[in-house]
Every structure is written in structure tokens, then in C-alpha cells.
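Numbering (this note's numbering), first residue to last: -15 to 317.
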């Protein structure tokens, strides 16, 4: 069996099993699910940090080591897709494959080694999928939200609003900046972050957000922040005092502005080894999490809202919902 060519097709075996794969600049994530009521039931998942985008900002290429890490993770994903007999797939790649000069040869190697044919999506599609995946977490009485997705190589922001109270939320404006936790940490350093380098990171992100914030950072009454990324989920775990990260406890929690500031301050007060030792961070994120906090701080300054809702969900959930809606197996809200 090959998984190549399965994207866009209805489940051939009638199993109704769907798979969504997101190969990002930092992570490889897979979600396999079946329709259930108005949503879906997850039957398998996988996540591994592969750092596909490591070094791209300086070399312009995906490194051989990163290619090997990614293919090893994608082999696991392929085997899970086969074992679960998923018949409807969407398998995407994002910023690293948009930016790297050798992205085409990388995708060819992936297809040859795993049977997975990656679809490189543009930034607008990435933002739209994040909206579909995360919009259920917009407070039902809120006028809307500023959704942000801090990735490894890019950050997307979407202003979402309702036409009327109780109406469905819709995207009003979006932007994507080519700055993520990997690119920012590589430029400013992620192991030893000083107050000066942290401020410099915030400044760089603020400058990139300037035009979008000037046009859309007003009339925020009745809105809240909605964040999806390893940065915000880490902050959520710290806020809850978890010894080890637990998605079930973090997804959907609320943090007010003071609580977010306190969690960021706690992180900034940790040296690299303390970040490594923390069960919500670990060695794989310890050199990236402060870059993510700097991006979040820039977003908070541009959109000063009193509450943040933490989402441990995003592109994969968005892909699953879109495929199931297209197939008519779940209903539009």
C-alpha cells in the first residue's frame, strides 16, 4: 500500500477514517480520526520535533540531518496511516518547504522513502486552516478574537469577528510574517537569552507586525486573544503548575493578561538547564521557547486584550473538519 495520491479522495474502503499530517518547520504532527456527531473522534496521533527548518535562515537549504529526521518521523506516520486504514488524507508542509531552495528534491525523497506526497500550502491557506481548527474555542459571547499561530518559521495572525451576537465567526483580515521560533532563536540565540536580546527579538517582531497592527489593532472591545502553538501551550502548562505537559488539561484554558505576564517572567527567569529540566518544556524546546514568548509579547503589545485562550489544536484539526465537511459526514456549524 502507498499513501501517495490519496489526498482529495473519499475513503475508498468505506472505513470513514481520516488522516491529517502537518510537517512544519519544527514539528511533524499526525492526527487520525473518525467522524462523530458534529465533530470527530481521534483514534491515533503522533508528534515529533524534527527541526526541518534548522539552518534554513542562513543556508537557504534543508540540511541532510533535518531530512533524515523528517523522513524517520514520516515513516512512523505512514505506518500509522496504514495500520488505521485511513482512506482520506491531507498531508501538508509549511514554511520550511516554502522557503528552502531544495524543497522539491526533499519532497521527492520523502515520496520515494515513505510514499507520502507532501502538499506545500501557502500562508493564506495555513491561516485559514488554523481558523477552522481553533474557532470552536472562541468564547460564545465574544464579538471575535485575534487568532495567532506561532510556528517554527512563520507566524500567522487572523482577526476573526461575528456579524452579530451568536453568529458564526468569520475571518476579517489576516497576515503572515516570516518569523517563527526557529528563525528568531537562530538569529538572536536561544540558549542564553539576556533582557537585551529578548527586547531585540520583540522589536523585530513588532516591526514586522506594524502594518497589520496599524490597520486592525483597533476597536477590540468584546474580543480576546486565541493562541495556538507550543509557546502558548507551554505557558499554559506552567500556569497550571503541571509536572508534565497534559494536553487534556491545557487545551481551552483561559489566562488573563497578568497570568500571561507572570508565566513569561517565570520562563525568562530560568536558565537553559532549568528550562530543559522543566516537564512542560524539555530539551527539544528549551532553546526555542523564549523566542516564542518574544513573539507573543509583540502580539500582546499590538493587540492589548485582557484574556488569552490557549489552544492545543490547529492545522490538523482544521484539515480534518474541512475534509469531513466536504464529504458531508459532519455538518457545518
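Note that beta-carbon positions come from the ideal geometry of N, C-alpha and C, so glycine has one too. Predicted, not measured: the structure shown is a model, and the values here were computed from it.
Opening and closing residue of the beta strand (DSSP E) in which residue i lies
i           : result
residue 296 : Element bounds for residue 296: n/a, residue is neither H nor E.
residue 148 : No beta strand (DSSP E) holds residue 148; DSSP gives it neither H nor E.
residue 121 : Segment: none, residue 121 is in no beta strand (DSSP E) and carries neither H nor E.
residue 279 : Counting along the chain, residue 279 falls outside any beta strand (DSSP E), though it belongs to the alpha helix (DSSP H) covering 273 to 286.
residue 168 : First-last for residue 168: 165 to 172, but that is the alpha helix (DSSP H), not the beta strand (DSSP E).
Of the listed residues the options, nearest to residue i (C-alpha basis)
i           : options            : result
residue 212 : 122, 23, 98        : 122
residue 327 : 68, 71, 64, 75     : Since the first residue shown for the chain is -15 and the last is 317, residue 327 is missing from the structure and cannot be characterised.
residue 274 : 287, 288, 258, 147 : 258
residue 27  : 0, 186, 10, 52     : 0
residue 286 : 79, 137, 141       : 141
residue 195 : 11, 214, 160       : 160
residue 166 : 13, 178, 15, 42    : 42
residue 283 : 129, 58, 83, 38    : 129
residue 271 : 10, 306, 64, 3     : 10
residue 269 : 281, 256, 279, 280 : 256
Under the three-state DSSP convention, the category residue i falls into
i           : result
residue 139 : strand
residue 12  : strand
residue 227 : coil
residue 159 : strand
residue -10 : Confidence in residue -10 is poor, its pLDDT being 43 and thus under 50, which makes the residue's placement unreliable; the coordinate value appears in the next sentence. If DSSP states are grouped into helix, strand and coil, residue -10 belongs with coil.
residue 254 : coil
residue 36  : coil
residue 6   : strand
residue 71  : coil
residue 22  : coil
residue 78  : coil
Own chain, CB closer than 7 Å to residue i, minus 5 neighbours either side, in chain order
i           : result
residue 298 : 114, 117, 118, 133, 212
residue 51  : 90, 93
residue 19  : 0, 308, 313, 314
residue 206 : 126, 127
Residues near residue i in its chain [Cβ-Cβ closer than 6 Å; skip 5 each side]
i           : result
residue 331 : Examination of residue 331 is not possible in this model, given that the chain is present from -15 through 317 alone.
residue 158 : 111, 142
residue 247 : 219, 222, 223
residue 39  : 47
Rounded Cβ spacing between residue i and residue j (contact assumed at less than 8 Å)
i           : j           : result
residue 136 : residue 164 : 5 Å
residue 87  : residue 46  : 7 Å
residue 98  : residue 34  : Rounded, the Cβ-Cβ distance is 13 Å, inconsistent with contact.
residue 209 : residue 291 : 7 Å
residue 266 : residue 214 : 11 Å between Cβ atoms; not a contact.
Closer than 7 Å to chain D by CB, residue i
i           : result
residue 247 : Checking the listed chains, one finds no chain D in this structure; it contains a single protein chain.
Endpoints, the alpha helix (DSSP H) within which residue i is located
i           : result
residue 186 : 179 to 200
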